[in-house]
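A quick write-up on the structure given underneath.
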Amino acid sequence: MNPTSLSIFRGICLVGLISLLHCAYSAAQHRFYLRLTEQPFTQLPLDIIVQTIVSLIAFLYSATCIAGEFQPVRSDLQVYHCYY
1 MNPTSLSIFR GICLVGLISL LHCAYSAAQH RFYLRLTEQP FTQLPLDIIV
51 QTIVSLIAFL YSATCIAGEF QPVRSDLQVY HCYY
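Position 78 (the sequence shown) corresponds to 78 in my numbering; numbering is contiguous.
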């Protein structure tokens, strides 16, 4: 992966993390507002739900791109070196 795309993915990861923190703050603020106005809590507003899902997908995708190549999982090598 070239350095330009790595820095772009790091930026997306940072924006996704900040957006997830904003979603948590917005959800807490919404609950506080409902308590003040003595309204029952049914569910979060749709904009908070959509922002949370989009932020989570962007954060997870960019984090996996930053991590690099995955190593193959080979259980036969682990069993081969195990002594009973």
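The C-beta atom is built at its ideal place from N, Cα and C for all residues, glycine as well.
On the premise that residue j lies in contact with residue i, defined as a C-beta separation below 8 Å, what is that separation, rounded to the nearest angstrom?
i: S55; j: L20; result: 5 Å
i: F59; j: G11; result: Incorrect: roughly 12 Å between the Cβ atoms, too far for contact.
Only counting the same chain, and skipping five residues up and downstream in sequence, which positions put a Cβ closer than 7 Å to that of residue i?
i: C65; result: F9
i: F87; result: Because residue 87 is not part of the residues shown, which for the chain are 1 to 84, the question remains open.
i: E38; result: none
Spatial neighbours of residue i within its chain, please: CB distance less than 6 Å, with the 5 preceding and 5 following residues excluded, ordered by chain position.
i: L36; result: none
Give the range of the alpha helix (DSSP H) segment to which residue i is assigned.
i: Q29; result: 3 to 36
i: L56; result: 46 to 67
If we count the other Cβ atoms within 10 Å of its Cβ and call it buried at 16 or more, is residue i buried or exposed?
i: S87; result: The requested residue 87 is not part of the displayed model; the chain covers only 1 to 84.
i: S62; result: buried
Less than 8 Å separating the beta-carbons of residue i and residue j?
i: I48; j: A27; result: yes
Once the 5 residues before and after residue i are set aside, which same chain residues still bring their CB inside 8 Å of it?
i: L44; result: A27, H30
Establish whether the CB of residue i and some CB of chain C are separated by less than 8 Å.
i: C23; result: Here there is only one protein chain, and chain C is not present.
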